[in-house]
Each structure stands twice: as structure tokens, then as C-alpha cells.
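First the structure, in the form of C-alpha cells, and then the observations on it.
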Amino acid sequence: MASFFYQYGHLRHRVFQPQTIPETHPPPSLDQVDLTISIRLTFVPHDCITNQIGDLNINRILQQETLRFDLDVLKNHDQVHLTLGPALTRLGVNPISRFSVNFAHEIIERGLAFGNLASNRGRKVLPLRAELWGTLLVHVRANSIRRALTEWASEFQARNYGMVPANESSVKNMLKKVCMEIGDQDCMICLEELKVGSDVSRMPCSHTFHGDCIEKWLKQSHYCPICRFEMLA
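Just so we're on the same page, my numbering is the position in the sequence shown counted from 1, plus 860.
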């Protein structure tokens, strides 16, 4: 058994409103925010024995948390921090770090700004998406750093906090491979460009991603990363 501990590095974030607004049945009685936080991490191993940084950064983690709270919470900084704290902790992010404080401020600013848009007037639920990404430096003490890293990744991903993967047959039947025809679009999982003329995978909700990215995502969650369209679990 290898021994290891980890630390985040170069965490970044962005907050936005998804293009497709999912319907809610039945609608809640109060105006609410539906916030989905996803985190994408790239492993970078550090061998404590040799004090060398490895280049085995091909393994990635994708995790997601969804919160539902009253829109009025955005008007109180303390309540926002209390609401986000448990979710950030489950994602492995220190809820009292400077990053978390800045992240909470952006949730407030973006949420209130989106809530005032004419297109959102009259809605019962305001959907928000927040994406976090960065590196995960894994400090390992083992003879085989590759084996240790694989072991650590499996343990980390086992803490999936209720995320349910999509049914394998539904992925095969509902995920369509198409040719990318429109430029200036990114895969919202890896945040890299969807190149015109390349093969991409399209969800039933019409959102497109790199094939490898969405297939890996659906092995952990049965929701579309953008609009939370629900695949069969």
C-alpha cells in the first residue's frame, strides 16, 4: 500500500448561466437558484523519495455538486459562504481559502446580474453553472509512482458523493457522433476548442463535446454538464 497526500494548485473558476434552461416540475413557491458546481482536476505526481515531479498528468477527475437555495441568499455574503461551504468541502476545496472567498463573491455578482436580466424575469428557478479546474499535486511515497497514482485516483474517485453514472446502453443509443460545423465553440468539459470539421459527440439536448470527454463524464454523472439534461441511469 502506497502512502500519499495531496494539495490543489492553480485553481481557477468561472460562473455562467447555461444556454438551455431546464424546466422544473412542479415549480417551487419561491424564487430559487439551482447552482451546479463541477471540478476538473489533472493529477501531477510528486515522488517524495526522489523529490521529483512526474509527468503522468493524463489522469483526470470530474466531480459535481448541485445546490438549490433561495435567491435572497445571494444578498447576504455570510449566507452564501455557509451555503457553499459544505459543497466545496466535499469537492476537496478549503471553504475558507482565498480562492473560496473569491469564488463566493463571483457567485453573488453573477447570480444577481443574471437574475436582473429581462430574459430571466418571471422564472421560478435561476440556473447557474460554476466550473473549477486546476492541478492536483499528489505526494507519493512508493516504489512505483504509476501504481501509486492509479491507486490514489481510484480511492479519490470512489468518493463520488451520490453521483450516478448514465446507463451504458442509453449512452450508446442517445449519444450521437456528428461533424462539428460551427466554429468558435469549446468543449465545456475540457474547455478546449471544438475544431470545425472534427468528430464530436452530441447529447440529446443538442450540446456537443469531445467524444472522450463526454463519455468519461457520463461514467460518473447521468446529467448533461451544461443544462443538466437527464440521461437514463
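We put the beta carbon where it would ideally sit given N, CA and C, even for glycine. Just so we're clear, the structure is a prediction, and the values are computed from it rather than from any experiment.
Alpha-carbon spacing of residue i relative to residue j, whole angstroms
| i | j | result |
| --- | --- | --- |
| Ile815 | Ser898 | For the chain, the structure presents residues 861 to 1093; residue 815 sits outside this window and is missing. |
| Thr995 | Lys1055 | 25 angstroms |
| Pro1025 | Asp891 | 30 angstroms |
| Arg835 | Gly975 | As displayed, the chain neither begins before 861 nor continues past 1093, which places residue 835 out of reach and without an answer. |
| Lys1037 | Val875 | 28 angstroms |
| His937 | Arg950 | 21 angstroms |
| Leu942 | Leu934 | 11 angstroms |
| Tyr1083 | Asp1046 | 18 angstroms |
| Arg958 | Leu988 | 22 angstroms |
| Asn1033 | Pro955 | 40 angstroms |
| Pro1064 | Thr902 | 28 angstroms |
| Gly1057 | Asp1044 | 12 angstroms |
| Pro905 | Phe929 | 37 angstroms |
| Lys1079 | Ala1093 | 10 angstroms |
| Glu966 | Glu1052 | 23 angstroms |
| Tyr1021 | Ala973 | Unreliable placement is indicated for Tyr1021, whose pLDDT of 45 sits below 50; the coordinate value is still reported in the next sentence. Straight-line Cα distance between these residues: approximately 30 angstroms. |
Cβ neighbour criterion (16 or more within 10 Å) applied to residue i
| i | result |
| --- | --- |
| Ala964 | buried |
| Pro946 | exposed |
| Arg900 | buried |
| Ser979 | exposed |
CB of residue i within 9 angstroms of CB of residue j, strictly
| i | j | result |
| --- | --- | --- |
| Ala990 | Thr1068 | no |
| Val1031 | Glu1075 | yes |
| Gln931 | Leu944 | One point to set straight first is that residue 931 is Leu, not Gln, in the sequence displayed. For Leu931 and Leu944, no; Cβs fall outside 9 angstroms. |
| Ser1061 | Leu1035 | yes |
| Ser1081 | Gln924 | yes |
| Cys1050 | Cys1087 | no |
| Val953 | Leu871 | yes |
Assumed close pair residue i, residue j - CB separation to whole angstroms, cut-off 8 angstroms
| i | j | result |
| --- | --- | --- |
| Leu992 | His1070 | That belief does not hold up - the Cβ atoms of Leu992 and His1070 are roughly 19 angstroms apart, past 8 angstroms. |
| Leu986 | Gly971 | 7 angstroms |
| Pro1085 | Met1048 | 6 angstroms |
Reference residue i; option with closest CA among the options
| i | options | result |
| --- | --- | --- |
| Arg856 | Met1040, Val1038, Arg950, Val893 | Because the chain is modelled from 861 through 1093, residue 856 falls outside the range shown and cannot be assessed. |
| Leu977 | Gly1057, Ser1081, Gln877 | Gln877 |
| Glu1028 | Trp1077, Gly952, Val961 | Trp1077 |
| Ile1042 | Cys1050, Asp1059, Asn1033 | Asp1059 |
Residue i Cβ short of 8 angstroms to the ligand ADP heavy atom set
| i | result |
| --- | --- |
| Thr896 | Judged by which ligands are present, the structure shown has none, so any question about the ligand ADP falls away. |
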